[in-house]
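Student:
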Amino acid sequence: MKYAIANWKMNLTAKEGLRLAQVIKSGTTSVPGTKVILCPPFIALDVLASLFEVSEIELGAQNMHYETEGAYTGEISPLMLKDYASYVILGHSERRTYFHETNDIVNRKIRAAITNGLKPILCVGENYETYKAKETFTFLDKQLKESLAGIDPASLNKLIIAYEPIWAIGSGETPDKNEIENVAKFIEVTLEKHFETDTVKQIPLLYGGSVTAFNVLDFVSLPHISGVLVGGASLQGEEFTQIISRIQSLT
Ligand code: PGA
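Here numbering that gives the first Met the number 0 is used: position 41 in the sequence shown is 40, and no number is missing along the way.
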């Protein structure tokens, strides 16, 4: 399965989101072996869920709380989300940086997502200093182990992992293809050791960070990469539908 996942971040009103989703819907034919998932802001989930009711396009949220209900002003729970979305992005570097989410918090969220029937899209990735110091593997090892601590190996088939180097997000820069492939292999080996099962090989590993219609095939054609998580370029209907059709051309 190949994935094209759109992360709209904090962009577009619900009306604007609906218009963009309509463009994506009309420009996309469903192709077996490819999955398109849109992750709009919370307030657009309802209207998009109606739009995609009889469509192959699926929805995800960009964050959630780990409790199902309670006195957490401003938060959204997995129970509330699952009426609209099947997926949830967790541990995005913007959440970690601006909202101080630690691996422990991300871990609680991942467990809560799985318990409540949502599929987590776990984001991991190093900053530029770590990359330059060639400490990416050490950093990812800790991030993966802590974020996935205590997860039942039988639940791993619910998980998607996106490798998003922080320095590549929104910057127009990307690692080279070999670096991405090596990181994906490293993630697989790390998880295999950690969970002591080779079912980890079935976890889709995505790349994210400055993906465009122009470069998407560089990433998706890598043996260990099963798709992309797209920010900026997913806000342009035509560009995102091109990304989707390029991915579909590989299947
Ligand atoms: P970008 O964002 O495609 O704009 O670099 C990717 C992401 O943050 O998920």
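From the three backbone atoms N, C-alpha and C, an ideal C-beta is built for every residue, glycine too. For clarity, every value in this text was computed on a predicted model and none was experimentally measured.
To which residues of the same chain is TYR71 closer than 7 angstroms at the C-beta, ignoring the five residues directly before and after it?
Tutor: Counting from 1 along the sequence shown, the entry for residue 71 is found at position 72. If we look at TYR71 and ignore the five residues flanking it on each side, its Cβ neighbours are HIS64.
Student: May I have the straight-line CA-CA distance separating GLN235 from PRO119, to the nearest angstrom?
Tutor: Position 236 of the sequence shown, counted from the start, is the residue given in the question as residue 235. Position 120 of the sequence shown, counted from the start, is the residue given in the question as residue 119. Distance between the alpha carbons of GLN235 and PRO119: 25 angstroms.
Student: Roughly how many whole angstroms lie between the Cα atoms of LEU50 and LEU17?
Tutor: Residue numbering aside, residue 50 sits at position 51 when the sequence shown is read from its first letter. Residue numbering aside, residue 17 sits at position 18 when the sequence shown is read from its first letter. Their backbone Cα atoms lie some 8 angstroms apart in a straight line.
Student: Out of GLU15, SER220 and VAL227, point me to the one whose CA is closest to TYR2's CA.
Tutor: The residue you call residue 2 lines up with position 3 of the sequence shown. Nearest C-alpha to TYR2: VAL227.
Student: Under 7 angstroms Cβ to Cβ from ASN102, same chain only, skipping five residues before and after it: list those, please.
Tutor: One-based indexing of the sequence shown puts residue 102 at position 103. GLN142, GLU145 and SER146.
Student: Do you know how far the Cα of GLU125 is from the Cα of TRP166?
Tutor: For the purposes of this step, residue 166 is taken as the residue at position 167 of the sequence shown. For the purposes of this step, residue 125 is taken as the residue at position 126 of the sequence shown. Going by C-alpha positions, TRP166 is about 8 angstroms away from GLU125.
Student: ALA232 and LEU204 - do their beta-carbons sit closer together than 7 angstroms?
Tutor: As a working note, residue 204 is residue 205 in the sequence shown. As a working note, residue 232 is residue 233 in the sequence shown. Cβ atoms of LEU204 and ALA232: not closer than 7 angstroms.
Student: How big is the Cα-Cα spacing for LEU89 and ASN115?
Tutor: Start at 1 with the first residue of the sequence shown, and residue 89 comes out as number 90. Start at 1 with the first residue of the sequence shown, and residue 115 comes out as number 116. If I take the Cα positions, the gap works out to 14 angstroms.
Student: So does GLY207 have its beta carbon nearer than 6 angstroms to some heavy atom of the ligand PGA?
Tutor: Translated into the one-based positions of the sequence shown, residue 207 becomes position 208. Yes; taking the cut-off as 6 angstroms, the Cβ of GLY207 has a heavy atom of the ligand PGA nearer than that.
Student: Quick check on this structure: which residue in ASP217, PHE213, SER220 and TYR86 has the alpha carbon closest to the alpha carbon of THR240?
Tutor: What you label residue 240 is simply residue 241 of the sequence shown in a count that begins at 1. It is PHE213.
Student: So, do the stretch 195-211 and the stretch 151-168 have three or more beta carbon pairs nearer to each other than 8 angstroms?
Tutor: The stretch 195-211 and the stretch 151-168 touch, with no fewer than 3 CB-CB distances between them shorter than 8 angstroms.
Student: Using a Cβ-Cβ cutoff of less than 6 angstroms, which residues in the same chain neighbour ILE159 once the five nearest sequence positions on both sides are dropped?
Tutor: If you number the sequence shown from 1, residue 159 lands on position 160. So the list reads ILE120 and PRO203, once near-sequence residues are dropped.
Student: Using 8 angstroms as the cut-off, can you tell me whether the stretch 53-64 makes contact with the stretch 81-101, which would need three or more C-beta pairs spanning the two stretches below that distance?
Tutor: In short, these stretches touch, since the Cβ pair count reaches three.
Student: Please report the distance separating the alpha-carbon of ALA148 from that of GLU74.
Tutor: Translated into the one-based positions of the sequence shown, residue 148 becomes position 149. Translated into the one-based positions of the sequence shown, residue 74 becomes position 75. If you take the alpha carbons of ALA148 and GLU74, they lie about 24 angstroms apart.
Student: Would you mind stating whether PHE194 and PRO152 have Cβ atoms separated by less than 7 angstroms?
Tutor: If you number the sequence shown from 1, residue 194 lands on position 195. If you number the sequence shown from 1, residue 152 lands on position 153. For PHE194 and PRO152, yes; Cβs fall inside 7 angstroms.
Student: Is ASN126 near the ligand PGA, in the sense that its beta carbon is under 6 angstroms from a heavy atom of that ligand?
Tutor: Along the sequence shown, one-based indexing puts residue 126 at 127. False, no ligand heavy atom lies under 6 angstroms from that Cβ.
Student: Distance, Cα to Cα, THR67 vs ILE104?
Tutor: Within the sequence shown, numbered from 1, the residue matching residue 67 stands at position 68. Within the sequence shown, numbered from 1, the residue matching residue 104 stands at position 105. The straight-line gap from Cα to Cα measures roughly 15 angstroms.
Student: Below 6 angstroms, is the gap between the Cβ of VAL229 and the nearest heavy atom of the ligand PGA?
Tutor: Here residue 229 refers to the residue found at position 230 when the sequence shown is read from its first residue. VAL229: yes, Cβ under 6 angstroms from the ligand PGA.
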